[in-house]
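Structure, as structure tokens:
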Amino acid sequence: NAGVTQTPKFQVLKTGQSMTLQCAQDMNHNSMYWYRQDPGMGLRLIYYSASEGTTDKGEVPNGYNVSRLNKREFSLRLESAAPSQTSVYFCASSELGQGAGGYTFGSGTRLTVV
Amino acid sequence: QKEVEQNSGPLSVPEGAIASLNCTYSDRGSQSFFWYRQYSGKSPELIMSIYSNGDKEDGRFTAQLNKASQYVSLLIRDSQPSDSATYLCAVNRLGGSQGNLIFGKGTKLSVKP
């Protein structure tokens, strides 16, 4: 099984450009999450989707939008990239609600905004 | 008070020693506790989960939970250089803007040959 697949793995954007980070899971998990990880800041939740058809803001949602396209796919869009959005982005999924079973993470996307 | 706290380290232990990693949490309603390992440049990988007070052993890893004191720890016996990584503690919490799983910032472990 592939688990959680993220694309692209690396991306360089110019300030003001837009892009969409793709995430897909093949484990039939209900919940999906987008995190960013910055040095000294730990993992910070951007948006999450508890189930197909629902999305909710996390700790740091400003500058991002998400789409839960179906049960498998959860995308993260940057409409107008800013240097402050330079980070490593992780998608994760979980089978059980309320964080009971832990999360499975994708391999990450390293984004640089210049 | 931060919701999940870990000593950032680095924690340095010699090969073959026991590495002890600690984590405290603030929400008394938390029921699920996890340890993730993250190698440099890689994604977090779940290595242990624990749900009830006491010890849970899996190979060289032992997770310990004390809900009354609100701490969870991870012991790594016979530490190997390949154990060198950052270890993230995660605790579940119902609701809130941080979602259902709250992560500590991690403890960096270095195992010296």
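Residue numbers (this note's numbering), protein chains in the order written: chain B, 13 to 126; chain A, 7 to 119.
No residue lacks a Cβ here, since even glycine has one placed at the ideal position from N, Cα and C.
For residue i, three-class secondary structure by DSSP
{"i": "B:P73", "result": "coil"}
{"i": "B:P95", "result": "helix"}
{"i": "B:D68", "result": "strand"}
{"i": "B:Y115", "result": "coil"}
{"i": "B:V125", "result": "strand"}
{"i": "B:E107", "result": "coil"}
{"i": "B:L81", "result": "coil"}
{"i": "B:S63", "result": "coil"}
{"i": "B:Q23", "result": "strand"}
{"i": "B:S43", "result": "strand"}
Residue i versus residue j - alpha carbon distance
{"i": "A:G47", "j": "B:L55", "result": "14 Å"}
{"i": "B:K69", "j": "B:G75", "result": "11 Å"}
{"i": "B:L88", "j": "A:P20", "result": "42 Å"}
{"i": "A:L52", "j": "A:L107", "result": "13 Å"}
{"i": "B:L90", "j": "B:S96", "result": "12 Å"}
{"i": "A:A25", "j": "A:L81", "result": "6 Å"}
{"i": "A:D84", "j": "B:Q18", "result": "35 Å"}
{"i": "B:A14", "j": "B:M39", "result": "9 Å"}
{"i": "B:I58", "j": "A:Q12", "result": "22 Å"}
{"i": "B:V78", "j": "A:K111", "result": "25 Å"}
{"i": "B:V100", "j": "B:V16", "result": "16 Å"}
{"i": "A:P87", "j": "B:T67", "result": "41 Å"}
{"i": "B:P20", "j": "B:G118", "result": "11 Å"}
{"i": "A:S49", "j": "A:A74", "result": "31 Å"}
{"i": "B:G120", "j": "B:P73", "result": "18 Å"}
{"i": "A:V97", "j": "A:Y42", "result": "11 Å"}
DSSP beta-bridge partners of residue i
{"i": "A:D84", "result": "In DSSP, A:D84 forms no bridge with anything."}
{"i": "B:Q18", "result": "B:C35"}
{"i": "A:E63", "result": "A:T68"}
{"i": "A:A25", "result": "A:I82"}
{"i": "A:Y57", "result": "DSSP lists no partner for A:Y57."}
{"i": "A:R43", "result": "A:E51 and A:Y93"}
{"i": "A:V11", "result": "In the sequence on display, residue 11 of chain A carries Glu and not Val. Beta-bridge pairing links A:E11 to A:T30."}
{"i": "A:S36", "result": "Partner(s): none; A:S36 has no beta bridge."}
Delimiting residues of the beta strand (DSSP E) encompassing residue i
{"i": "B:M53", "result": "From DSSP, B:M53 is part of no beta strand (DSSP E); its letter is neither H nor E."}
{"i": "A:I108", "result": "L107 to F109"}
{"i": "A:V117", "result": "T113 to K118"}
{"i": "A:A96", "result": "A91 to N98"}
{"i": "A:P20", "result": "L17 to P20"}
{"i": "B:S87", "result": "F86 to L90"}
Where residue i meets chain A, residues with beta-carbon distance less than 8 Å
{"i": "B:F22", "result": "None at all; the shortest Cβ gap to chain A is about 11 Å."}
{"i": "B:F102", "result": "S49 and P50"}
Partner residues on chain B for residue i, Cβ-Cβ distance less than 7 Å
{"i": "A:K111", "result": "G54"}
Chain-ordered neighbours of residue i on chain B, where CB pairs are closer than 8 Å
{"i": "A:F67", "result": "Result: empty, since nearest Cβ-Cβ is about 15 Å, beyond 8 Å."}
{"i": "A:S116", "result": "Neighbours of A:S116 on chain B: none; closest Cβ ~17 Å, over 8 Å."}
{"i": "A:L4", "result": "Here chain A comprises residues numbered 7 to 119, so residue 4 of chain A is not present and cannot be evaluated."}
{"i": "A:S55", "result": "G113 and G114"}
{"i": "A:L81", "result": "Under the 8 Å cutoff, chain B gives no residues; its nearest Cβ is about 19 Å from A:L81."}
Chain-ordered neighbours of residue i on chain A, where CB pairs are closer than 7 Å
{"i": "B:S61", "result": "Result: empty, since nearest Cβ-Cβ is about 10 Å, beyond 7 Å."}
{"i": "B:S79", "result": "The premise fails here: B:S79 is roughly 18 Å from chain A at the closest Cβ pair, so nothing lies under 7 Å."}
Closer than 6 Å: residue i CB and nearest the ligand FAD heavy atom
{"i": "A:S88", "result": "For the ligand FAD, the structure offers nothing, since it holds no ligand at all."}
Closer than 9 Å at the beta carbon, the chain A residues around residue i
{"i": "B:G120", "result": "G47, K48 and S49"}
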